[in-house]
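Asker:
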Amino acid sequence: MDLEESLASLSSAGTVLSCEELCRLKAGLMLLKANEKGKAVSFWGKILGKESDYYIACAMAASKDMYPAKCFYYAGEDFHFTPLPELTEEVGEAVQGLQLTSPLTGKPTAMLETVEGSECQATLNELHRLALLVQEIDFDTACVPKGAHCLTEAQEVVPNSSFAGLEPAKAASLANYVHFRPPASVVSLKAQASNDLEYHANFLEPLESDLPKGCWAVRQDPATASVTLRSLLWPGYSAFHLPGTGKFGGVYFGYASKNNDLAFLI
């Protein structure tokens, strides 16, 4: 789906870019697509910083695993996309151990303070924190309409060529949206290993099972005839679907701040 059309479908949620940003972003994504041949490149979102912002792109390609491999890229005001660092388990735990809650600065080389006694010997900078935040947000929020993807006999997740969109009534129900990520629940893991048709239809985890209950808000937008979903756990993430069509998408605009108090507010 066209970038401008996707952003227009989510404009009511505040996901807007200036004309200059949009033009330069398109050029940056076009260059990234040319460099990453064979990968589906899309705009993932914009993470706000104290001094400058990060524009994030996502590239997906077939992998040896069941799910397509995702690679994330970042760009600053020059809109030149560079791969985010791949995090080892050691580095990820070290960044989490810092328990940082302040907004990002917008300086990729800004150093992070290390915790005394940490086993991680790597030098940590803001890019490591950015990479971890993008992974966390994507895992918790990346969603698609139910039926938009299917599980083949070869146990591969692929776009469903026969998906023509949800009916308007079904599109307004959270029960008809699922996470686009590797399985984590027992039911989804069974779907991965089973040839049962019932499991094949439920191999992606539904959003309605997310905790805390009520962490998603669904709204029908009469202006664009679309249905929008907003994450209350990660304020700034919005997804949309145009009922009766195969058009859907999602984007994040915010400070990458998780609402850890949500369970006490609902």
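For the sequence shown, the residue numbers in my numbering are 457 to 722.
Glycine is no exception: its CB is placed at the ideal position from the N, C-alpha and C atoms.
Tell me the rounded alpha-carbon separation between E697 and Y523.
Answerer: Taking the sequence shown and counting its residues from 1, the one referred to as residue 697 is at position 241. Taking the sequence shown and counting its residues from 1, the one referred to as residue 523 is at position 67. At residue 697 the sequence reads His, which differs from the Glu that was named. Each residue's alpha carbon lies about 22 Å from the other.
Asker: Once the 5 residues before and after M567 are set aside, which same chain residues still bring their CB inside 6 Å of it?
Answerer: Here residue 567 refers to the residue found at position 111 of the sequence shown. If we look at M567 and ignore the five residues flanking it on each side, its Cβ neighbours are N581.
Asker: Report the residue from A531, N716, E460, L663 whose alpha carbon sits nearest the alpha carbon of A627.
Answerer: Indexing the sequence shown from 1 puts residue 627 at position 171. Ranking the options by Cα distance to A627, first place goes to L663.
Asker: Tell me where the beta strand (DSSP E) around P615 begins and ends.
Answerer: Sequence index remark: in the sequence shown, residue 615 carries index 159 (1-based). Element bounds for P615: 613 to 615.
Asker: Taking C-alpha atoms, which residue in L540, K526, D677 lies nearest to L532?
Answerer: As a working note, residue 532 is residue 76 in the sequence shown. Note that residue 532 is Gly in the sequence shown here, rather than Leu. The option with the nearest alpha carbon to G532 is L540.
Asker: Suppose you measure from the CA of E546 to the CA of P699; what does that come to, to the nearest Å?
Answerer: Looking up residue 546 in the sequence shown gives position 90. Looking up residue 699 in the sequence shown gives position 243. Roughly 43 Å between the two C-alpha positions.
Asker: Any idea what DSSP makes of H605, helix, strand or coil?
Answerer: As a first step, residue 605 must be located in the sequence shown, where it is residue number 149. In this structure, H605 counts as strand in the three-state DSSP scheme.
Asker: Reducing DSSP to helix, strand and coil, say where V472 ends up.
Answerer: Here residue 472 is taken as the residue at index 16 of the sequence shown, counted from 1. Coil.
Asker: Using 10 angstroms around the beta-carbon of H536, count the other beta-carbons present and answer buried if the total reaches 16, otherwise exposed.
Answerer: Residue 536 sits at position 80 when you count from the first residue of the sequence shown. Exposed, since its Cβ has fewer than 16 Cβ neighbours within 10 Å.
Asker: Helix, strand or coil: how does DSSP classify R480 here?
Answerer: Translated into the one-based positions of the sequence shown, residue 480 becomes position 24. Correct three-state label for R480: helix.
Asker: In terms of alpha-carbon separation, which member of N715, E477, G501 lies closest to V590?
Answerer: Indexing the sequence shown from 1 puts residue 590 at position 134. Comparing Cα positions, the closest option is G501.
Asker: Any contact of the region 587 to 603 with the region 705 to 714, i.e. 3+ C-beta pairs under 8 Å?
Answerer: The region 587 to 603 is in contact with the region 705 to 714.
Asker: Give a yes or no on whether the C-beta atoms belonging to L689 and L660 are separated by under 8 Å.
Answerer: Numbered from its first residue, the sequence shown carries residue 689 at position 233. Numbered from its first residue, the sequence shown carries residue 660 at position 204. Cβ distance not < 8 Å, so L689 and L660 don't count as in contact.
Asker: May I have a chain-ordered list of the beta strand (DSSP E) segments no shorter than 3 residues that lie completely inside the region 494 to 554?
Answerer: Whole beta strand (DSSP E) segments, 3+ residues: 496 to 503, 510 to 517, 525 to 531.
Asker: For F720, does the three-state DSSP call read helix, strand or coil?
Answerer: Residue mapping note: residue 720 aligns to position 264 of the sequence shown, counting from 1. Of the three classes helix, strand and coil, the one that applies to F720 here is helix, per DSSP.
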